[in-house]
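If you use the numbering used here, the sequence shown corresponds to residues 867 to 1264, in order. Reading through the structure tokens given below for one structure.
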Amino acid sequence: MSTSHCASDAEWSAEALDFRGTSKVIDLNKRTLNCAGIWPERIHEPVFIFFSVYLAVHCTMGVVSITDNMSDMEYIIGCIEENMFNFMTLLKICICRMKSNSLAEFLKDIKVDLIPGRYKTDEEKIAFLNYNSFSLKFVKVTIVSCVIAATLYYLSVLAANVEMVMANSSYGYRLPYKSRPLIEPTNLITYICLCLYQFLIVLIIIFGYVGTDCLLISLVLHVSGLFSALSCKVKHVLNNPENRRHRIKKLILKHIRLVRLAESLESDFNILILQQLLGSTIHLCLLGYDGLVVSLIQILLFLSDTTSAGEEAKLIAFGITAGCVLSTLLAYCYIGECLINESMSFGESFYHCEWYNISQEEIKLMHICMMRSTKQMQLTVGKFFALSLTTFTDVNRN
């Protein structure tokens, strides 16, 4: 997805250039984050505090559970893997809450970009709509897949525990998530209540963990789409001699605005990206160990021609966790790459115009844009290094 597709997509129909659906991705993010109480334009403090306290208590009890089972390495690894998601969710919703004012200003600023009149040519509209359409599809697929994955993980572990209890009543009641329960489940009623209590984790992961990811990805793709549209606009501005000087100045102002938006995103989300990368790295290390154990167990079960509900549940949980970690990391790195490429493509687009036919004063204005675009816009991992697809390969290789 880049500016090189501007001309090739010129055959889009008038219906395809309809801007009426451009706000859907923002509305979908709004509905998701409202459920967690952290939509930047309207914070619901009671909901946010409830989920924050809930996650803090659950993570604390997870640490206590680890100290109670220090001799069981398999339990410790599984507990860390599960609570890593919970801890990262807690950090994400807290960061989103702390940055709510600047994010609200950002959301207010970009609403004007959804007006068709801001794009003079079909090429500009197509460039922006490509990113907007991709962003909407990505958010929909992410939310649906997360609902399925989180629910399937919960039910697979719950089903395995229930089956073991039914086969051996001395096994004891075990909750779906590895954490010391506030009340010991000594009977079926208590066990059901605690299972419902832990089901809240599924909801907060969907609304908090995935919701903040979708917001970040949507906003970055929005800015990338604006850069792409602006690159398409360069050709229209420079190749048309009518009032060219004034239009080049407007081009400079639009580029300055996009630079400000990109820097605002980087400032608001660099810590969130850092914790995501650190969490994903730790997760992948634990999954590597877990994968070896699961593979060995599956080989032994195959040789002995036996099956175990518990081991099948572990295999399902392993696959879901690995898929979630890798897909989230890839999505983060991909949007970082998009922002870098589109911000650099703006400067390169000047070389494809008839710049040799414009006046010296207009060339000086053009140089301003070209010089500013030599500094790529990028998301950083806690200000340490740029987020790109290279980051994804480095994390997986190491």
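Every residue, glycine too, gets a C-beta built ideally from N, C-alpha and C.
Checking the DSSP bridge columns, you'll see A1252 partnered with T1246. Spatial neighbours of C1012 in its own chain (CB-CB distance under 6 Å, excluding positions within 5 residues in sequence) are listed in chain order as I1072, V1076. Counting the other CB atoms within 10 Å of its CB gives Y1217 a total below 16, which places it among the exposed residues.
Residue state for R1040 is assigned as coil, using DSSP reduced to three classes. Residue I946 holds the alpha-carbon nearest to the alpha-carbon of M927 among I946, H910, P912. By the Cβ rule, the region 1059-1066 does not count as touching the region 1102-1119, because fewer than three pairs are nearer than 8 Å.
In this structure, the straight-line span from the alpha carbon of V1068 to that of L921 is close to 11 Å. The secondary-structure analysis by DSSP pairs I904 across a beta bridge with I909.
Ranked by Cα distance from L1144, the options L1253, L1048, C1059 are led by L1253.
Going by DSSP, Y941 is part of the alpha helix (DSSP H) stretching over 939-964. With a threshold of 16 other beta carbon atoms within 10 Å, I1014 falls short and is exposed. If you check the CB distance, N998 and G1091 come in under 7 Å. When DSSP states are grouped into helix, strand and coil, L1104 belongs to the helix group.
Put simply, the region 986-1002 does not touch the region 1145-1156. Fewer than three CB pairs are less than 8 Å apart.
A distance below 6 Å between beta-carbons, with the five flanking residues on each side excluded, links L1081 to the following residues of its chain, in chain order: N895. The Cβ neighbour count for G1189, taken over all protein chains shown within 10 Å, is under 16; the residue is labelled exposed.
In the displayed model, C1190 falls within a helix according to three-state DSSP. Here the alpha carbons of D1260 and L1085 stand approximately 25 Å from one another.
Under the 10 Å beta carbon count, H1088 is surrounded by 16 or more other beta carbons and is classified as buried. Distance check between A1095 and each of N1223, I1182, E1228, S1215 places S1215 closest, using alpha-carbon atoms only. The beta carbon of F951 sits closer than 7 Å to the beta carbons of I1071, Y1075 from its chain, once the five residues preceding and following it are set aside; these are given in chain order.
Excluding residues up to 5 positions away in sequence, nothing lies with its Cβ nearer than 8 Å to the Cβ of S937 in the same chain. In summary, H1121 is buried, with 16 or more beta-carbon neighbours lying within 10 Å of its beta-carbon over all protein chains present. A residue is called buried once 16 or more other Cβ atoms fall within 10 Å of its Cβ, and V978, having fewer, is exposed.
Bounds of the alpha helix (DSSP H) holding M1237 are 1226-1238. Annotation: V978 is outside any alpha helix (DSSP H) and is labelled neither H nor E by DSSP.
For C1219, the secondary structure class from DSSP, reduced to helix, strand or coil, is coil.
For F1065, the enclosing alpha helix (DSSP H) covers residues 1054-1070. Cα atoms of N1223 and K986: separation of roughly 22 Å, rounded to the nearest angstrom.
Judged by DSSP in its simplified three-state form, Y920 adopts helix.
Cβ-Cβ separation between P1051 and Y1057: approximately 4 Å, consistent with a contact (criterion under 8 Å).
Under the criterion of beta carbons closer than 8 Å, I1148 and M1232 do not qualify as touching, at roughly 48 Å.
Going by beta carbons, S1209 and F1135 fall outside the 7 Å limit.
Assigned with DSSP and collapsed to three states, M1210 falls in helix.
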